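Chemist: In this note's numbering, the protein residues as written are -11 to 71.
Spelled out as C-alpha coordinates, the structure:
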(Lines of atoms letter the chains of each structure in order from A and count residues from 1; the text may use other names and numbers.)
(Lines give C-alpha, C1' and ligand atoms only; values in the text may rest on other atoms or scores of the structure.)
Protein backbone atom coordinates (compact mmCIF):
# COMPACT_ATOMS: atom_id res chain seq x y z
CA UNK A 1 0.00 0.00 0.00
CA UNK A 2 1.24 3.50 -0.77
CA UNK A 3 1.39 5.70 2.29
CA UNK A 4 1.67 9.50 2.27
CA UNK A 5 4.19 11.01 4.65
CA UNK A 6 4.34 14.67 5.68
CA UNK A 7 7.82 16.20 5.77
CA UNK A 8 8.69 19.33 7.78
CA UNK A 9 11.35 22.01 8.28
CA UNK A 10 14.86 21.42 6.89
CA UNK A 11 13.95 17.92 5.66
CA UNK A 12 11.20 19.47 3.56
CA UNK A 13 13.68 21.95 2.10
CA UNK A 14 16.28 19.25 1.42
CA UNK A 15 13.80 16.90 -0.27
CA UNK A 16 12.05 19.72 -2.09
CA UNK A 17 8.51 18.78 -1.17
CA UNK A 18 6.23 18.68 1.85
CA UNK A 19 4.78 15.26 1.20
CA UNK A 20 6.37 12.05 -0.02
CA UNK A 21 5.04 8.55 -0.63
CA UNK A 22 6.31 5.13 0.33
CA UNK A 23 5.05 1.72 -0.73
CA UNK A 24 4.73 -0.17 2.56
CA UNK A 25 3.35 -3.51 3.55
CA UNK A 26 1.15 -2.54 6.47
CA UNK A 27 1.23 -3.00 9.34
CA UNK A 28 4.94 -2.23 9.70
CA UNK A 29 7.18 -0.72 12.34
CA UNK A 30 8.59 2.81 12.22
CA UNK A 31 12.08 1.33 11.88
CA UNK A 32 11.05 -0.42 8.64
CA UNK A 33 9.70 2.87 7.30
CA UNK A 34 12.96 4.65 8.16
CA UNK A 35 15.01 1.98 6.40
CA UNK A 36 12.91 2.18 3.26
CA UNK A 37 13.02 5.97 3.16
CA UNK A 38 16.79 5.94 3.72
CA UNK A 39 17.14 4.07 0.43
CA UNK A 40 15.02 6.65 -1.41
CA UNK A 41 16.24 9.90 0.17
CA UNK A 42 19.91 10.35 1.16
CA UNK A 43 19.10 13.29 3.47
CA UNK A 44 16.88 11.02 5.54
CA UNK A 45 19.60 8.35 5.59
CA UNK A 46 22.00 10.86 7.15
CA UNK A 47 19.43 11.83 9.80
CA UNK A 48 18.77 8.15 10.60
CA UNK A 49 22.47 7.38 10.92
CA UNK A 50 22.83 10.32 13.32
CA UNK A 51 19.77 9.09 15.25
CA UNK A 52 18.20 12.48 14.58
CA UNK A 53 15.12 11.72 12.47
CA UNK A 54 11.91 12.13 14.46
CA UNK A 55 8.79 10.29 13.30
CA UNK A 56 5.26 11.03 14.45
CA UNK A 57 2.41 8.59 13.97
CA UNK A 58 -1.03 10.12 14.42
CA UNK A 59 0.54 13.27 15.88
CA UNK A 60 2.47 11.40 18.60
CA UNK A 61 6.25 11.00 18.51
CA UNK A 62 6.93 7.35 17.80
CA UNK A 63 9.76 5.00 18.75
CA UNK A 64 11.15 2.54 16.20
CA UNK A 65 8.93 -0.25 17.56
CA UNK A 66 5.63 1.59 17.01
CA UNK A 67 3.42 -0.13 14.44
CA UNK A 68 2.06 1.86 11.50
CA UNK A 69 -1.38 0.81 10.29
CA UNK A 70 -3.48 1.69 7.27
CA UNK A 71 -4.87 5.20 7.61
CA UNK A 72 -2.28 6.43 10.10
CA UNK A 73 -0.88 9.93 9.62
CA UNK A 74 2.91 9.85 9.41
CA UNK A 75 5.18 12.90 9.70
CA UNK A 76 8.96 13.33 9.61
CA UNK A 77 10.82 16.02 11.54
CA UNK A 78 14.50 16.92 11.70
CA UNK A 79 16.00 17.48 15.13
CA UNK A 80 14.95 20.78 16.64
CA UNK A 81 17.28 23.18 18.35
CA UNK A 82 16.51 26.36 20.12
CA UNK A 83 17.54 28.64 22.85
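For each residue, glycine too, the CB sits at the ideal point set by N, CA and C. As the structure is a prediction and not an experimental result, all values here were calculated from the model.
With three or more beta-carbon pairs closer than 8 Å as the criterion, would you say the stretch -3 to 5 touches the stretch 15 to 28?
Modeler: The stretch -3 to 5 vs the stretch 15 to 28: no contact.
Chemist: Using DSSP with H/G/I as helix, E/B as strand and the rest coil, what is residue 14?
Modeler: On the chain shown, residue 14 is found 26 positions in, with the first residue counted as 1. Coil, per DSSP.
Chemist: Would you mind working out which of 38, 59, 39 sits nearest residue 47, comparing C-alpha positions?
Modeler: As a first step, residue 47 must be located in the chain shown, where it is residue number 59. The shortest Cα separation from residue 47 among 38, 59, 39 belongs to 59.
Chemist: Taking the C-alpha atoms as reference points, what is the distance between residue 40 and residue 34?
Modeler: Reading the chain shown from its first residue, position 52 is the one you call residue 40. Reading the chain shown from its first residue, position 46 is the one you call residue 34. Answer to the nearest angstrom: the Cα atoms are 9 Å apart.
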